[in-house]
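Beneath this line is the structure, given in structure tokens, with notes to follow.
Right, dumping it as structure tokens:
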């Protein structure tokens, strides 16, 4: 940390701030300048006390120069983490992993049809929601336990691991026992009680970036999970809120290399929720992979017109197969291979 | 709802869409234009099926012209709701209610000192966090049950009702039994499991707008609570995420009249979290009241330098008393009175 | 400036960076930390060379701790600037100045009616556009020279100074010779050729913050004008682009105290363009004044239904008179008086 | 257009609005609903009068369902425009065109070195700024006329066409006579005087999307140029302002297919200005091409450490050659070829 003092403060004020820095257990290194003094704060990370220093007399600003997360950082682990899902699928490193499935599990037949299509096309993981966080209380909220049963049955029938969303701690055990991988949705990215509970499972988990979360805040959310002992976190970029109104959210592809510079955790992309419309899913998926994403998660439905949620953005099974082939070509251009 | 057809689609396609509208239980009213047809969708609200219609062949867009919330709307209740907190405090209508207290409950002495200052200055409700949702797992997470005990003891000692944050369903009963009013924080605005659980209590609740939530999404979050039978919801504007970097969040004062046009629920403003720094709290509080806010919630600490959270933005007790007097003057200018 | 070195760089690399700092004419002050070194850069402001230092081997980031503007800063002039408009109106200091008038000058009668209403209500400056920057080339582009003639004639008839927008350097002389004060619109805030040309006039000028400009960028735009010798700049907050869709732009009231902390220039607010709709103009005007604005500029039309531009947001003359009285009350609450 | 009436307005009010629609030259088609009436507005596009209708008694909102631009739209020209630059380069259709060069022209040697590198690597157009719009008046403002001379000399020496920025109407003729293609920068996207003047030349022009401009506003800016008779407009996505702080601007790759759906004009991507740092330029360039960009414009400098502007984001010549080869592979994955 660096403490920026206001211009024209007395030496006494500077000494007081230096003293407070010492009380926090750090070493102050004042550097007097022409118009103001800055004080370096030396100590073991993660550094705390920024808020406290900001309240002191004469302090203009306090800048953090070390990352506030530890277990998620490249300093902690320089090489890419590989997250194992089910028996045989791996996410991370040079692989590009394809995750597909319906927004909501709606029936055994629908889920089976999609799972078979994902598998046949060469996809790796089946997604499907049983508990759905919906903006309106009047929208379909998911099939719940029955949806979980269907997902598990289809997974075993088709031989493909699954990922599904956990929405609260009450249902976490049930969800956890029916799936190979958990998902934390964008609205729950800072639901810390849920993050801690997921951290106490040993299931791999996809953590979606919040709609208005910075790279730093997203990695701090991952840190909540890692800090409880669950190392298997995959970060997912899914679009952020901006003024732009031509898509539902603005897919921030630059976040992919930004995450990868900071963290060893795998980073995947969800183009479906950013796009909002089917015709934007393919270009955004390819853009994500071109920017370095280590996986792509898309929504697929055998008949989007009858979908109970997010119909407009779900791909047809054939469109998924086409997407997978194009992803393969783009992955090669950036030195990656399909998992 | 209005369905906008693409240009140059056949009459058959239009008829198919009209048919789907009928299947959803509504009446289609096609209006052919020069380049395209639009179809009015007539029916009882809340209308569903927008997602479905968007997936149909020939459909360009589907516009909602009715509000998707019902119980929160002025159509449901034209006059302002008055929310009663504790024995004697009321929020809503022409009143401006002042809520003050520490970010975190840190000790009996600290909480008592602030509560007495709030009461003495003419404030109405004491705030104080026992469970703190923090961006970093390494930050102070609140005193928990002990903090709740302190809050309750101080409330009874000073004779002032309290509001405190509920962060998950596990601790909701405990929190609920120790306070007069609940708060849902900005990070949990779309934590629907928590919203439903709070809806099943009969405690009044402050619902903070999410950092990137629209007015519509915020009212839909309120609808989750109302829909479970809890009518006592107060909406709180606390700043949104934008590119602007001179405050922690951008206080969106225009949301106050925007909410009030749509809903009968009281709307208050939290300038502390938007400001991030103490010297911006007063101007933002006054701006909120000038824009029509029916209450102001600010953070106060007897010694911000020792605060365990959010020190830089907490007012001194004397600053709160000054703020209250200025709020009184601005309230009069907009035809309101202090509660 | 402070140069943040990457972790684990050699002493040689640090020395090279220190050397480059010396070549730029500054003095380097390295402060070695536990994991990385930071180097203070000492020198006379405004400091340049940030871009250069960022390209050097081993440099992680370069932080500016001094403001990059000079003439606009409180360091240059601690006390508030007072900008004189016409013979007798002053903007700045403790005054709140009211500026009203039609979006576009449309006819002598329309402009006269509004000017008389502004004057009668106690307003100070008449606004009116003769050249209109419009998003679409098919929209009304203003009356041009004829509009300027009308504005000047009405000004002299009613005895009220005027402000009107300058849109390019070609017409600047003409515009300048017909008005008491110039305006730079939000779309031209970074039109540096225009800023320099306006800086070479000695007319007072309202500089509107760009739709996506930070406080710093806005003050640097002001610096372009000041640097050419024109000291009479008034900053205007008029709303910024965000995801929020309930108003045309999000009025950033917190920018008002943020500007005032940094600069001695007067800061006014334009609620009309942020609101987009008439019913939001009053609450936003009052919010701006409550936050400390030293002036309010609103659009007024005798018959908004016939307005050639921005009809929905223009106030009726009576509404302006009401607004002015309420502004008076709010101004008092924050220790200001109507000019 | 569609006029949405408020709930519960009288038939008389509806008739008055219908009458106003007729006065504007359109045909009203009222469609009464359960709670409110909507009125279709039928007529030849581009429709005007939205603003007027919004001011009428009883009108809640007015929705535009046709695009407000005409010449830029796919309705006007369904097939992709091909823009010819210099003797032999074409932009648009299935080609991906590579544009590279220094941020600023700084000397004959520097410009020549980069031009030769661009040509050798297989790039198509040389970029280089002679007039530089800079945020601060104290930053290097470009070499001006001398820079134009250098650019032209190098172009002729190396045999590569050039593009350079026009910043105002005064210097437009001079700029125009020294280059093959003009550029309008992001800060001037809504400088309508400049757009009109550029429209009166017959030079091809790159129009950069404004930092906070929607797709619609960008195409309306293009319409200003097209409307003056200059058909050779290329749209450039270069990042927008958001809350995200890990890059200078957030590259909005979804805008590329969004533009291409609406317009026949070519759409290219500028990853350098979005990235702000060299290590993000490659992933963003590839992401842009994967999303369908018909060209890539990047900044190159033989020695970024000595660059007079934007050093941190300029590629080395070798990095450009590598980028071009990877662009070739990604282009193939999306069915395009290098020009």
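Protein chains in written order, with this note's numbering: chain A, 355 to 693; chain B, 355 to 693; chain C, 355 to 693; chain D, 355 to 693. Ideal placement from N, C-alpha and C gives every residue a C-beta, glycine not left out. In this text, all values refer to a predicted model and were calculated from it rather than measured experimentally.
Looking at the unbroken beta strand (DSSP E) that takes in residue 480 of chain B, where does it start and where does it end? 479–481
At least three beta-carbon pairs within less than 8 angstroms, the region 569–585 of chain A to the region 639–652 of chain A: no
C-alpha gap between residue 381 of chain A and residue 396 of chain A, whole angstroms: For the pair residue 381 of chain A and residue 396 of chain A, the Cα-to-Cα distance works out to about 5 angstroms.
Within 10 Å of its beta-carbon, does residue 387 of chain C have 16 or more other beta-carbons around it, so buried, or fewer, so exposed? buried
Which residues, in order along the region 626–638 of chain C, keep a beta-carbon less than 8 angstroms from a beta-carbon of chain E? Going by chain labels, chain E is absent from the structure shown, which instead holds the protein chains A, B, C and D.
According to DSSP, residues forming a beta bridge with residue 517 of chain B: B:481 and B:535
Relative to the alpha-carbon of residue 608 of chain B, which residue among C:609, C:598, C:615 and C:614 has its alpha-carbon at the smallest distance? C:598
Contact set between the region 367–397 of chain D and chain C, restricted to residues whose Cβ is under 9 angstroms from the partner: 374
Leaving out the 5 sequence neighbours to the left and right, which residues in its chain are closer than 7 angstroms to residue 426 of chain C when beta-carbon positions are compared? 573, 576, 577, 580, 617 and 619
Flag this pair as touching only if the region 678–691 of chain A and the region 658–670 of chain A have three or more C-beta atom pairs under 8 angstroms; answer yes or no. no
Short CB-CB distance (under 7 angstroms) between residue 599 of chain A and chain D: For residue 599 of chain A, the answer is yes, since a Cβ of chain D falls inside 7 angstroms of its Cβ.
Distance, Cα to Cα, residue 506 of chain C vs residue 463 of chain C? A straight-line Cα-Cα distance of about 13 angstroms links residue 506 of chain C and residue 463 of chain C.
Residue from B:472, B:499 and B:493 whose Cα sits closest to the Cα of residue 531 of chain B: B:499
For residue 451 of chain B, three-class secondary structure by DSSP: strand
Ordered along the chain, which non-local residues of its own chain (more than five positions away) have a Cβ less than 6 angstroms from that of residue 378 of chain A? 403
Check whether the region 518–532 of chain C touches the region 540–553 of chain D, taking contact to mean three or more Cβ pairs, one atom from each stretch, closer than 8 angstroms. yes
Compile a chain-ordered list of the residues in the region 678–690 of chain A whose CB is closer than 7 angstroms to at least one CB of chain D. Residues of the region 678–690 of chain A with a Cβ closer than 7 angstroms to any Cβ of chain D, in chain order: 680, 683, 684, 686, 687 and 688.
Distance check for residue 569 of chain D and residue 384 of chain C, CA to CA, integer angstroms please. 47 angstroms
Does the beta-carbon distance from residue 466 of chain B to residue 678 of chain B come in below 7 angstroms? no
Going by beta carbon distance, what residues of the same chain come within less than 8 angstroms of residue 468 of chain A, once the five residues before and after it are set aside? Cβ neighbours of residue 468 of chain A beyond the five flanking positions: 454, 455, 456, 480, 482, 654, 655, 656 and 671.
Could you tell me which chain B residues have their CB closer than 9 angstroms to the CB of residue 462 of chain A, listed as they occur along the chain? What residue 462 of chain A touches in chain B: nothing, since even the nearest Cβ is about 22 angstroms away.
Residue 561 of chain A versus residue 606 of chain A - alpha carbon distance: 16 angstroms
Give every residue of the same chain whose Cβ lies closer than 7 angstroms to the Cβ of residue 361 of chain B, excluding the five residues on either side of it in the sequence, and list them in chain order. The answer, listed in chain order, is 389 and 390.
Just list the beta strand (DSSP E) runs in the region 417–472 of chain A, keeping only unbroken ones of 3 residues or longer that don't cross its boundaries, in chain order. 437–439, 443–445 and 449–455
Cβ shell of residue 540 of chain B (< 7 angstroms), same chain only, five flanking positions each side left out: 562, 563, 564, 565 and 592
As a quick exercise: from C:509, C:405 and C:588, pick the residue whose alpha carbon is nearest that of residue 613 of chain C. C:588
Please state the DSSP three-state secondary structure of residue 415 of chain D. Residue state, collapsed to three classes: strand.
How many Å lie between residue 428 of chain C and residue 615 of chain C at the Cα? 8 angstroms
Could you name the residues that DSSP lists as bridge partners for residue 372 of chain C? None; residue 372 of chain C has no bridge partner.
Establish whether the CB of residue 428 of chain D and some CB of chain B are separated by less than 7 angstroms. no
So if I threshold CB-CB distances at 8 angstroms, which residues from the region 492–508 of chain B count as touching chain C? Identification of residues in the region 492–508 of chain B having a C-beta nearer than 8 angstroms to some C-beta of chain C yields an empty set.
Residues near residue 392 of chain A in its chain [Cβ-Cβ closer than 6 angstroms; skip 5 each side]: 356, 358 and 385
Can you pull the chain B neighbours of residue 417 of chain D, defined as C-beta to C-beta under 7 angstroms? 417
Simplified DSSP state of residue 572 of chain A, which is helix, strand or coil: helix
Using the three-state DSSP reduction, which class does residue 619 of chain B fall into: helix, strand or coil? coil
Could you please give the first and the last residue of the uninterrupted alpha helix (DSSP H) stretch that includes residue 561 of chain D? Unbroken run through residue 561 of chain D is the beta strand (DSSP E), 559–562; no alpha helix (DSSP H).
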